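Going by our numbering, the sequence shown opens with residue 190, and the numbers climb by one from there.
A virtual CB, placed ideally from N, CA and C, is assigned to each residue, including glycine.
Keep in mind that this is a model prediction, so the values were computed, not measured.
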Amino acid sequence: MSSSSSHRRTSHTTQRRVAAVALVGVSALLAAAVQSGAASAAPQKSSLGKINRGSLAAQLTPSQRAELIRDADAAKAATAKDLGLGAKEKLVARDVIKDADGTVHTRYERTYAGLPVLGGDLVVDTTKAGKTERVIKATRATLKVASLTPAIAASKAEKQALSAAKADGSKKTDADRAPRKVIWAADGKPTLAYETVVGGFQDDGTPNQLHVITDAATGKKLYEYQGIETGIGNTQYSGQVTLTTTQSGSNYTLTDGARGGHKTYNLNRGTSGTGTLFSQTSDTWGNGTTSNAATAGADAHYGAAETWDFYKNTFGRSGIKNNGVGAYSRVHYGNAYINAFWDDGCFCMTYGDGAGNADPLTAIDVAGHEMSHGVTSNTAGLNYSGESGGLNEATSDIFGTGVEFYANNASDPGDYLIGEKIDINGDGTPLRYMDKPSKDGGSADNWSSSVGGLDVHYSSGVANHFFYLLSEGSGAKVINGVSYNSPTADGLPVTGIGRDKALQIWYRALTTKFTSTTNYAAARTGTLAATGELYGTTSAEYTAVQNAWAAVKVGSRPGGGGGGTSFENTGDVSIPDNGPAVTSSIAVTGRTGNAPSNLLVDVDIVHTWRGDLVVDLLAPDGTVYPLKPFSSSDSADNVQETYTVNASSEVANGTWKLRVQDKAAQDTGYINSWKLTFP
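Laid out in structure tokens, this is it:
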């Protein structure tokens, strides 16, 4: 029997039954605001500088990208030599981005004596002429370990990993494979270790891929992170949409030949495998209710298509891996599973059916959020734990929001709310807010030294807040019928540059500047570098990025703020490696009364590993105000931060000191400058 295949654009109606009165209220309110003209235009149009198109990623065909990766692999030995890597180190080309001006950004993984180096990734930028322009490393530490022979058995590492998984609430826990030897370099000191991946299920039914890193000499747990990246359950309604399907004989399937062959499958309550590809004789999918399994399939298929088109038309990216190959979607996962997740292992997106299997969690922004985890995994590879995990999760919120605005669906206007229609709180409130993340009761509005200890869905608030401020600015406003009022940590305003520019900056930073260990300080550095390439370092956009980060307590504003009286010490003070504390002094004069409750402390320390450092502010009477703690997981360079200190119990006039101590070996630096600002 012969068969033919063609792409079809057909209608699908998803006028679902309403599950709750509260949800009706939210939907009606949005519709009324749009119809009455209360909403402003969704995209904030910017009259700022034009983009440098030479720094935009060129659209490569899959074969062109494959050829660039082959070229990088062929030259990897010479590249390693040029970079001064050791004899035991080898490079493995993982990804390539080529700019319109010919600049090539090649992302490499590293091996040491044949072992994978976790946290050893790096990005090499070369000019059109082939000259190395810059190198961005996840770790600057020299790769060297005393021995490649473990002192503990692999079984001990496996036992520890299983215990860690059970402590996290894992069910049906078992190691997916025997522990493998690796070099763990993500926390600064390269260490021979075991990596164990624990399978089974997490406490909410999500598949488990817990990665546990164990010191092969001592048996100490060094790190753990979750390989399955979960998102939000969402029951948004897409209304009537068009789908791209494939005809084979007399049947149609949910196969999108226009977007890399993306397929949508029905798991039918299963929790493994691909399930059954949606197939039927009619090209009208679903009936708008959960009584028809194809309704959820159509929603997922539509969300995947919008996500593909967003990345292609916004960034020139062809699919999640930028290789023209589609992922696949699975719906009706498990029984009453209230979540959705991306799994890079199967390169697939999976949706549960929600509480009581009443409302499948298939929606535009869910698809955008989860599939963006795949983009992150195949670019920066941000570790899903600590500050890098918060950046990973925020990246999905940022691009998921971008997809929602891009889709421009009349039934679901774009907004800066995450999970606004799932009513997970029972009172109609969203799951997360980008304009003021703390409104959800758990997310951080601003950076602090404790942010890395939060769940990644909460530490993401810092970057979400930054992105909102950069896009729309601070203060009260209405966008697509939704009211926002975004504050700033320093009380100073931020003027937005528009969402389109903010998206371009974040994408360039993610794909060419971020590494697996990027934290918030390094994210600021990366986004500024990306902005400089796109708009210039003297542009209004560059200043806006500085201001938006300062507004969430990451770095300082240009010129030190925009108000108040400042006292500064620009003298260099060397910081002994793993030695005694050093201080730098500032004499404050001419003030009356006590210091303020929002004393700003701008710190600029040049150092090859900031995690080694403990930084304190000493008041004139000797009172210590901790600014930055020691952190073995803080792997970025330098300390360029603005800290807000409640010093209202201190007399303002007198000698204030910045005290810095390096508490671990191998890295050096100096206090470049620091400043006190009395607003």
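For the 9 Å CB-CB criterion, residue 297 and residue 282 form a contact. If the five residues before and after residue 582 are omitted, its C-beta is found closer than 6 Å to the C-beta atoms of 645, 646 and 649, all from its own chain and listed in chain order.
Exposure of residue 470 is indicated by the presence of fewer than 16 other C-beta atoms within 10 angstroms of its C-beta. The Cβ atoms of residue 453 and residue 522 lie no closer than 9 Å to each other. Secondary structure in the stretch 672-754: the alpha helix (DSSP H) runs of 4 residues or longer, each lying completely within the stretch, are 688-701, 709-724 and 729-739 in chain order. Here the C-alpha atom of residue 757 lies approximately 43 Å from the C-alpha atom of residue 270. When rounded, the separation of the alpha-carbon atoms in residue 837 and residue 785 is 5 Å. Ranked by how close their Cα comes to the Cα of residue 322, the residues 348, 332, 341 and 294 have 294 in first place.
A check of alpha carbon separations from residue 292 across 246, 258 and 340 identifies 246 as the nearest. One thing to note: residue 777 has its Cβ within 9 Å of the Cβ of residue 842. Boundaries around residue 254 are those of the alpha helix (DSSP H), 251-263, since no beta strand (DSSP E) includes it. Distance between residue 850 and residue 711, taken at the CA atoms: about 21 Å.
A residue is called buried once 16 or more other Cβ atoms fall within 10 Å of its Cβ, and residue 326 is buried on that count.
Counted as a single uninterrupted DSSP element, the alpha helix (DSSP H) harbouring residue 489 occupies residues 483-504. A contact is defined here as three or more CB-CB pairs under 8 Å, and the stretch 721-739 meets this definition with respect to the stretch 675-695.
In this structure, the beta-carbon distance from residue 398 to residue 579 does not fall below 9 Å. The beta carbons of residue 487 and residue 445 sit no closer together than 9 Å. Taking 8 Å as the upper bound for CB-CB distance, residue 411 and residue 367 are not in contact here, some 18 Å apart.
Within the DSSP secondary-structure output, residue 756 pairs in a beta bridge with 865. Residue 312 holds the alpha-carbon nearest to the alpha-carbon of residue 706 among 634, 312 and 514. As computed with DSSP, residue 529 is found in a beta bridge with 540.
A residue is called buried when at least 16 other Cβ atoms come within 10 angstroms of its Cβ; residue 839 meets this threshold and is buried. Residues of the same chain with a CB within less than 7 Å of the CB of residue 272, apart from the 5 flanking positions on each side, are 324 in chain order. Shortest Cα-Cα distance from residue 741 to any of 464, 783, 830 and 804 involves 830. If you ignore the 5 residues before and after residue 508, its C-beta comes within less than 7 Å of the C-beta of 449, 497, 514 and 515, all in its own chain and listed in chain order. One Cα belongs to residue 793, the other to residue 606, and the distance between them is close to 35 Å. A buried status is given to residue 641, since no fewer than 16 other beta-carbon atoms sit within 10 Å of its beta-carbon.
Listed in chain order, the alpha helix (DSSP H) elements of length 4 or more contained wholly in the stretch 614-679 are 645-648 and 650-661.
In the structure shown, residue 781 falls within a coil segment according to DSSP collapsed to helix, strand and coil. Between residue 483 and residue 467, the beta carbon gap of about 6 Å places them in contact (Cβ cut-off 8 Å).
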